[in-house]
Each structure stands twice: as structure tokens, then as C-alpha cells.
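The structure appears below as C-alpha cells.
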Amino acid sequence: MSDSVKPVVTPAPELLARMSATAKQTIAPNTSGPAKSQAFMLAVVLEKLARQIALEPKHAAAAERDHDALCADLDREHALGFPARTEVAARAVHAEGDAASLCGLVSALYADRAALGDERFHRILGMVRGVLRADVDRRMEYSA
Amino acid sequence: MRRLPELPGVAGGVANLRLTNIERPAVGWSHEIWLFDAVWDDSGGNEVSRSLCVRIDPGNTLLREMSDLGTQFRVLKGLQASNVPSPTPYWYESDTSILGNPFIVMDRVPGTCPNPWGSDGRRYYQEAADRGVLPGSFTGALTALHNLDWRAAGLDFLGVPGPGTDFSLGEIAKWKRLMEQAGTVHEPILTDLICWLEENAPVTERLVLVHGAYRTGNVLIDGDRVSAILDWETQVIGDPMYDVAYMLSDLNREGTDLLSNLVPRDEFIEQYESETGIEVDLDKCRYFNLLYCMRSVAFWVSASGLYADGSSTDLRLARTAWSIPVVLDRAARELGY
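Those protein sequence lines, which keep their order, are chains A and B.
Reminder that position 2 of the first sequence reads as 2 in this note's numbering, one-by-one numbering, no gaps.
Reminder that position 272 of the second sequence reads as 1272 in this note's numbering, one-by-one numbering, no gaps.
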């Protein structure tokens, strides 16, 4: 008997990818009308979902590193003082680090633009935009 | 049946009504469209036939209540006395006991609507561009629209923006509302985009009737001429550059430099400016291109939301969840990152 482990359950990303192939190669060619286009669309959805789930651990780790770096950048800027809305929003980014808190920070930066001055506004927005660019690049790996 | 005698050229009684040649063209994203011939016997026993089109609102369209058929009906009515190619609308019916949903009945305009995203459609438009007639007709239909006296046509019911930045800010507010209807959206690039759009809203100097989605695929073509402009769902009284930006956008062409897969850019600008007297403002077009990014996100958020809340089982809507990052990627690049 071999010592190697032989899994009996297909890992989720692989299962979804294989279901996608079945929808595209087996189901769609054997249906017609609206069902055919739905079968092809099913294949597309499953394929994207499979890739998204497969990449999730790697993407989550990268997102965490980006968040830590942004927080460090914001801390340095904080030493110069923040207007009230930006102060609250930056604190939320520290605490939550999710998309909603980043939305709040972007809104606050635009609202506080006059108080921050153009140069600082662009510098801090640039920091945030760097994180957003990296995030959308990752999402494009399974969305495009 | 009792309303058939209201059709132009139809007089006398209607008996033995039957619907023939019933056809449902390619399934779109919003209304159901059915084409058919209504055939009946008049009071003299003569067979009469009319080709008609019915557009039904299934109640779960991408644009939700923004694609109201009552509004479309009034717009099409307003266009009848103009030289804007459009179908003749006959009836709007809001009584859902008849077909299950509101609908409008209009003339079936002759022509085809090749899909510009498929290889057959791309070849069709390339060959039409080579023949050189359709590009001018396509641009001409847009200039007819922008030259329309919309007040005289009674289209001010659509809402007339105030001076200054009111039009641009109104559009931003409209697409924000559509997203809010769908649910809660946390997309920081979208927030950045909206803040940028609000901060940089351009002044509108001249108001025209804007179609809002003027491209091949949204017009009927008959013998190298535009026979009708279709899809009156995003029309608005607004800045003419809103339509021009859509024409110039590379979102609406594939594998070619031709605008909408059909019109050489220089020829479009020259004909547009000469026929309307409106100078093409490329800076404003760049702004409206970014506004279209926001609108696209709103479309996909709305579509994805309709699937998420169970209003639709169409997997095309579920798939649009992955279209959102694609548009955000584009918006970020346009904003410089």
C-alpha cells in the first residue's frame, strides 16, 4: 500500500473550474435557446469564482501588507496634524481597514482639501490611490 | 383589437384578428421586445396587415424605474414631427391585466440591428464603412437629434437642467440613486471617481436632447441608412458633448479605430460640427467619459443587485459583479493611477 494521500473530496476552486468546463463543453452544446446562453454564462461565472477563491489567500495577505503600509504612511502624516474629518476617517482605516473605511477616507480628503492644502491633499490621496491600484490589480486577475 | 381602427390609414371594423410572424429578437438587458404582424379583416371583408412591435417592461430592468415606458412613449411621440429617425408609437398601456406588465405598441420599422460586439456585426459595419454611406447617415441621425427643438417637441417634461454645472451634477446624482436602490456599495475607487467628478463638473452652455447611449447596436439600419434610433432609456435634456463623448469612446469599438466600429473619427467631428454648429470640446468629452465609467459601475451594481436580491434569475446579471472591477480599473487609469 502506498503512503501517499489520495483525496476523495475535490478542492473548491478545482471543483468550480471543472463544473465550469462541464457547463461549457457538455451542457451548453446540448441545449438551445435562452438555456444555451445561460449555460455558457454559468460556465463564465463558475470560472471566475474558481479563480477568485483560488487566489483569495494570496490576495488577502497582500491586502493586509498594503493596509499596514498605508497605516504607517498615515501615521507619519498624522504627525503634521489632520483636519477633523480626515482625522476620524484615518482612525477608521486603522481600526477597520476595509473598503468602507477607505471610502470614508477618500471622501474626507476631498472634503478637507482646502484645509489640507493642494500639495498635502495630493500626497495623501496618492498614498490611498497606491493601495487602491494594487487592490484593483488583484481583482483584475480574476475579473478581466 | 378595439383600438386597431385608431392606426393611421385603418378605417372600418376589425374582425378575425390574428397575430402572425411573431418573433422575439435577441434578448436585451431591459425590455422584452416582440415583433409581429397584426392581420385582420376590415368591414368590407378585405384582409389588412400591419407590422408592429411591442415593448414590454418586465419590471426588473437594469435601469429599474428609470426605463419607464410611459416616458419612452412620450419621447417617441415628441419626435414624430421631427427628422429624427424613430418608430411611430401608437399606444402606451399601463394596465398590467392585459400583458402582465406595462407595454407600448409601435410601428415595426424596417431594418436590422447587427450586434457590434460579434464577428459578424464587426464585419457588417466594416463593409458598410468601406461603402461610405452609412457612416454619414449614422452621424446625421445624431446631428438631427441635437438640432431638434426639444421645447417645441414638448420634451421639456424630461426636466431641464439649470445653468452652469447643473446638468453634470444631476447626472452624477441620478446614477448614485440607481446604486443606492441596488444596495450598499463600498468601492473606494468609485468614491474617488465621484468626488473627482463633483469637483470638476463642467459648465453646460447649450442644451440638446441627448440620447445617452448613441452607438451602433442601438440603431436600426435599412439599406445603408439609419431607419430608427432605438433604446430610449437614458435620454436626457443636457450637454451635447455627453453623446459626443460616447461616440468618441473606445468602449464602443472593438478591433478598429472607427467610432462605433463604423465612422472615421475625423469625418465624424467634421460632419458633427458642420451640421450642428457645435464645436467638439475634447476636454469635456474626457470628463463625460469618466462620468460614463461611473454610470457603467451603476449599471453593473444595479444588475448584480437584481440577481443578488432574487428579482432576476438571469446569470448574465450575476456575471456583472465581475464587470465592476474592470470599469474601476479603467476609471483609476483615467484618473492617473
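Even glycine gets a Cβ: it sits at the ideal position worked out from N, Cα and C.
Within the stretch 1178-1211 of chain B, the residues whose Cβ lies closer than 7 angstroms to any Cβ of chain A are, in chain order, H1186, E1187, P1188, I1189, T1191, D1192, C1195 and E1199.
Taking a contact to require three or more Cβ pairs closer than 8 angstroms, the stretch 1031-1041 of chain B and the stretch 1194-1210 of chain B do not qualify as touching. Listed as beta-bridge partners of B/P1089 by DSSP are B/M1106. The beta-carbon of B/W1029 is placed no less than 9 angstroms from the nearest beta-carbon of chain A.
For A/V106, the nearest CB of chain B lies under 9 angstroms from its own CB, placing it at the interface with that chain. Across the stretch 20-45 of chain A, CB contacts with chain B closer than 7 angstroms involve P34, Q38, M41, L42, V44 and V45, in sequence order along the chain. Cβ proximity to chain B below 7 angstroms picks out A99, A100, L102, C103, V106 and S107 from the stretch 79-108 of chain A. Rounded to the nearest angstrom, the gap between the Cα atoms of B/T1256 and B/D1130 is 13 angstroms. Cβ contact annotation for B/L1290 (same chain, cutoff 8 angstroms, sequence separation greater than five): L1193, W1196, L1197, A1331, E1334 and L1335, in chain order. Under the Cβ distance rule, B/L1315 counts among the residues neighbouring chain A, one pair being separated by less than 9 angstroms. When Cβ-Cβ separations below 9 angstroms define contact, B/I1324 makes contact with chain A.
The CB of B/R1295 never comes closer than 9 angstroms to any CB in chain A; the least such distance is about 18 angstroms. With contacts defined as CB atoms closer than 9 angstroms, B/I1221 and B/P1114 qualify as a contacting pair. For the stretch 1202-1256 of chain B, the full-length alpha helix (DSSP H) segments reaching 4 residues or more read 1240-1248 along the chain. In the structure shown, B/W1029 adopts coil according to DSSP, grouped into three states. Contact with chain A is absent for B/R1122, since none of that chain's Cβ atoms lies less than 9 angstroms from the residue's Cβ. At least one C-beta of chain B is nearer than 9 angstroms to the C-beta of A/D137. In chain order, V1244, I1269, Y1272 and E1273 place their CB closer than 7 angstroms to the CB of B/V1280, counting only its own chain and leaving out the 5 sequence neighbours on each side. Between the C-alpha atoms of B/M1066 and B/L1259 there is a straight-line separation of about 27 angstroms.
Bridge partners of B/I1056 according to DSSP: B/E1032 and B/F1103. Within chain A, the residues placing a beta-carbon under 9 angstroms from that of B/A1332 are R129, L132, R133 and V136, ordered along the chain.
For A/K24, same chain residues with a beta-carbon under 6 angstroms away, outside a window of 5 residues either side, are A43 in chain order. Bounds of the beta strand (DSSP E) holding B/T1020 are A1015 to E1023. Within 8 angstroms of the CB of A/K48, the CB atoms of chain B belong to R1319 and W1322, in sequence order along the chain. When 7 angstroms is used as the limit between beta carbons, B/D1329 is near these residues of chain A: V136 and M140, in chain order.
At a C-beta separation below 9 angstroms, B/Y1337 has these neighbours in chain A: G126, R129, G130, L132 and R133. Close partners of A/A115 in chain B (Cβ separation under 9 angstroms) are lacking, with about 15 angstroms as the shortest Cβ gap. Between the alpha carbons of B/A1228 and B/N1083 lies a gap of roughly 10 angstroms. Within 9 angstroms of the CB of A/S4, no CB atom of chain B is found; the nearest one sits about 37 angstroms away. For B/M1066, no alpha helix (DSSP H) encloses it, and the DSSP letter there is neither H nor E.
The beta carbon of A/A17 does not come within 9 angstroms of any beta carbon belonging to chain B, so the residue lies off that interface. Counting only unbroken stretches of 3 or more residues, no beta strand (DSSP E) element lies wholly within the stretch 1153-1192 of chain B. Straight through space, the alpha carbons of B/T1096 and B/P1110 are spaced by roughly 29 angstroms. Chain order gives no chain B residues near A/A69, where near means a beta carbon separation below 7 angstroms; the closest approach is about 16 angstroms. Assignment of beta-bridge partners to B/T1096 by DSSP yields no partner.
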